[in-house]
DNA sequence: ATCCAATTTTAGATGTATTCTAAAGGCATG
DNA sequence: CATGCCTTTAGAATACATCTAAAATTGGAT
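Protein chains in written order, with the numbering used here: chain A, 27 to 152; chain B, 27 to 152.
This is the structure we're talking about:
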């Protein structure tokens, strides 16, 4: 565990915005200015392999999620914001059977417009 | 509607494997050898804008899905295969409320090991 | 059939995200 | 202090996607 790795883990643990690798790089670099992108990518991939973070893909970007409990996501179609859903309804979902495949997990992705974007739109119109 | 565009649309309509842009390019090129990647990307993006195809992102690749009915996906964690789920259970899902956001759609992603990969594994072991 | 304007296609350059590589650095152990 | 192992660094290399400008094609008017 090096200072760079600790900074990367801290960055993920402190945020709820599902940062991209580049956003993690920018945050870590503000504290350790010489950290290279390769270190950020290496560390993130190590965390992925160790199942200590998850990945959410959207609009061509891989976003990293330190929440490894099974959960779901809301994605704003305007600003791209990704938010964890901690709804009791998530548990109503039992594993579907799919053909002859072995099902291991299920995840719901909810899409729509986030409250912030709706407010921005209302102000712009009025 | 040009021959190139028709070939791209035909390719998508004929397949159930959710091809990537590059796979579409390879297929179209086998019939129209001089078709460029740009034409494939342009046409796919036109189809996306017109909501005539959907996109499924997985493992850093954008896969194109001509099925525009709301539906769900099974993704194999070994080979990356994406399969549509046409399960009656999909309809039991009612739109969740998520904070103050406006929910427009919900999609389930089921992950696991596909039948083909399981068979391959069993043969490899025995 | 010919011309023209508008659109599409092409090849290659460019952009963006990610991974690879080789050299340098750090740290524990002998 | 030397050694070996692992990490970090900077930049090159790769992969996927988009952009650009010129050439080709289309459909409509003559």
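The beta-carbon is built from N, C-alpha and C at its ideal position, and this holds for glycine as well.
Straight-line Cα distance separating residue j from residue i
i: residue 152 of chain B; j: residue 48 of chain A; result: Because the pLDDT at residue 152 of chain B is just 42, under 50, the model does not fix this residue reliably, and the point stays unresolved.
i: residue 57 of chain A; j: residue 33 of chain A; result: 8 Å
i: residue 79 of chain B; j: residue 43 of chain A; result: 29 Å
i: residue 126 of chain A; j: residue 38 of chain B; result: 25 Å
i: residue 232 of chain B; j: residue 131 of chain A; result: Because chain B here runs from 27 to 152, residue 232 of chain B falls outside it and cannot be looked at.
i: residue 62 of chain A; j: residue 70 of chain A; result: 13 Å
i: residue 64 of chain B; j: residue 50 of chain B; result: 12 Å
i: residue 81 of chain B; j: residue 108 of chain B; result: 11 Å
i: residue 149 of chain A; j: residue 28 of chain B; result: 43 Å
i: residue 87 of chain B; j: residue 89 of chain A; result: 14 Å
i: residue 112 of chain A; j: residue 83 of chain A; result: 19 Å
i: residue 30 of chain B; j: residue 128 of chain B; result: 39 Å
i: residue 54 of chain A; j: residue 146 of chain A; result: 31 Å
i: residue 97 of chain B; j: residue 67 of chain B; result: 24 Å
i: residue 77 of chain A; j: residue 40 of chain B; result: 37 Å
i: residue 124 of chain B; j: residue 110 of chain A; result: 10 Å
i: residue 121 of chain A; j: residue 95 of chain B; result: 22 Å
i: residue 93 of chain B; j: residue 106 of chain B; result: 19 Å
i: residue 45 of chain B; j: residue 91 of chain A; result: 27 Å
Residue i, buried or exposed, once every other Cβ within 10 Å from all chains shown has been counted against 16
i: residue 52 of chain B; result: exposed
i: residue 138 of chain A; result: buried
i: residue 75 of chain A; result: exposed
i: residue 36 of chain A; result: exposed
i: residue 85 of chain B; result: exposed
i: residue 73 of chain A; result: buried
Coarse secondary structure for residue i, derived from DSSP in three states
i: residue 126 of chain A; result: coil
i: residue 87 of chain A; result: strand
i: residue 152 of chain B; result: No answer about residue 152 of chain B holds up, because its pLDDT of 42 lies below 50 and its placement is not dependable.
i: residue 104 of chain A; result: coil
i: residue 54 of chain B; result: helix
i: residue 81 of chain B; result: strand
i: residue 137 of chain A; result: strand
i: residue 109 of chain B; result: strand
i: residue 46 of chain A; result: strand
i: residue 144 of chain B; result: helix
Select from the region 88-102 of chain B all residues with a C-beta closer than 9 Å to any C-beta belonging to chain A, and list them in chain order. 88, 98, 100 and 102
Residues from the region 129-145 of chain B in contact with chain A, defined by Cβ distance under 8 Å: 129, 130, 131, 132, 133, 134, 135, 136, 137, 138, 139, 140, 141 and 144
Tell me, please, whether the region 134-145 of chain A touches the region 129-148 of chain B by the rule of three or more beta-carbon pairs shorter than 8 Å. yes
Contact between the region 98-110 of chain A and the region 139-147 of chain A is defined here as three or more beta-carbon pairs at a separation below 8 Å; is this criterion met? yes
Could you please tell me which residues of the region 46-72 of chain A, in chain order, have their CB closer than 7 Å to any CB of chain B? none
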